[in-house]
Amino acid sequence: MLYSDNAGPYRYAIFARSTGKLYFQQEGGRGKINRLVRFDSDKPGPPKPIAAALGLRAATQESRTGKVYTVDGDALWEFDTRSEQVRALGPTKVGSQTYIASIDLDPKTERYLYYVPGAHGGGERDGSPLIQYDLKTRTRKIIAFLRDPIHRKFGYIPQGTYGTAVSPEGDRVYITWNGNRGTAVGAQGGRIRFNTCALTVVHVPAAERIP
-15 MLYSDNAGPY RYAIFARSTG KLYFQQEGGR GKINRLVRFD SDKPGPPKPI AAALGLRAAT
45 QESRTGKVYT VDGDALWEFD TRSEQVRALG PTKVGSQTYI ASIDLDPKTE RYLYYVPGAH
105 GGGERDGSPL IQYDLKTRTR KIIAFLRDPI HRKFGYIPQG TYGTAVSPEG DRVYITWNGN
165 RGTAVGAQGG RIRFNTCALT VVHVPAAERI P
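The opening position of the sequence shown corresponds to residue -15 in this note's numbering, with each subsequent residue numbered one higher.
Here it is, written out as structure tokens:
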């Protein structure tokens, strides 16, 4: 045990693998920008506030150049773990949903981010899209609408996710879903309850991910 404290991360944390430092917010709220604190594993002690402020509902792993990408609501940020500087990258929204609880960096090219809006349900209202964000052009693209093909084949509605991952080659995106099996799309006035978990693997075509 290096250090114990009751004032841990509000919702999520940034881990800088290159330095062993951990960054997080001690208070927050959905869509709010708050200052980060830093825990240094080389000098264990109370987390210290730093100047950087951003939204932090989810974050990627650290890139080879020390960058971490965070998201909260309809906003995306870049955090440089070497300089502890923040850069706002713009909106994430592609439809009605803005709650994103998992975001991943393509580990091969480190050019693309992947996320699924509507973490706690609601993603099906937009067709359960998988989004690719191009860090070079700062543009968003829908790789696939998953609701209709999955519902037609399995009778399952993928509604939201708290867990996604990208393969080492950047050619597959894994999504664990909360969703519903046995209910028609659009039933219950559009409010559908979770009753089944599922896993999907989305194969991203080479033409959509090669710089």
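Glycine included, C-beta positions come from ideal geometry on N, C-alpha and C.
(request) Could you please give the first and the last residue of the uninterrupted alpha helix (DSSP H) stretch that includes Phe138? (result) Mapped onto the sequence shown, residue 138 falls at position 154. Counting along the chain, the alpha helix (DSSP H) containing Phe138 begins and ends at Arg131 to Phe138.
(request) Report yes if the C-beta distance between Ala85 and Ala42 is below 8 Å; otherwise report no. (result) Residue 85 sits at position 101 when you count from the first residue of the sequence shown. Residue 42 sits at position 58 when you count from the first residue of the sequence shown. Yes, the Cβ-Cβ distance between Ala85 and Ala42 is below 8 Å.
(request) Find the nearest neighbour of Leu38 within the set Gly74, Ala191, Asp132 and Ile17, judged by alpha-carbon distance. (result) Against the sequence shown, residue 38 aligns to sequence position 54. Between Leu38 and the set Gly74, Ala191, Asp132 and Ile17, the nearest pair of CA atoms involves Ile17.
(request) Find out if the Cβ-Cβ distance for the pair Thr82, Pro113 is shorter than 8 Å. (result) Position 98 of the sequence shown, counting from 1, holds the residue named residue 82. Position 129 of the sequence shown, counting from 1, holds the residue named residue 113. Not closer than 8 Å, so no.
(request) Report the three-state DSSP secondary structure of Asp90 (helix, strand or coil). (result) Start at 1 with the first residue of the sequence shown, and residue 90 comes out as number 106. Here Asp90 sits in coil by DSSP.
(request) Tell me, to the nearest whole angstrom, how far the beta carbon of Thr65 is from that of Ser(-12); I am working on the premise that it is less than 8 Å. (result) Position 81 of the sequence shown, counted from the start, is the residue given in the question as residue 65. Position 4 of the sequence shown, counted from the start, is the residue given in the question as residue -12. Between the beta-carbon of Thr65 and that of Ser(-12) there is about 24 Å, and that puts the pair past the 8 Å contact cut.
(request) Starting from Phe23, follow the beta strand (DSSP E) in both directions and report where the run begins and ends. (result) In the sequence shown, counting from the first residue as 1, residue 23 sits at position 39. The continuous beta strand (DSSP E) containing Phe23 extends over residues Asn18 to Asp24.
(request) Taking all protein chains shown into account, decide if Phe63 is buried (16 or more other Cβ within 10 angstroms of its Cβ) or exposed. (result) Mapped onto the sequence shown, residue 63 falls at position 79. Under this definition Phe63 is a buried residue.
(message) How far does the beta strand (DSSP E) with Asp58 in it extend, from its first residue to its last?
(response) One-based indexing of the sequence shown puts residue 58 at position 74. For Asp58, no beta strand (DSSP E) encloses it, and the DSSP letter there is neither H nor E.
(message) Going by C-alpha to C-alpha distance, which of Arg193, Arg109 and Tyr7 sits closest to Asp118?
(response) Translated into the one-based positions of the sequence shown, residue 118 becomes position 134. Closest by alpha carbon: Arg193.
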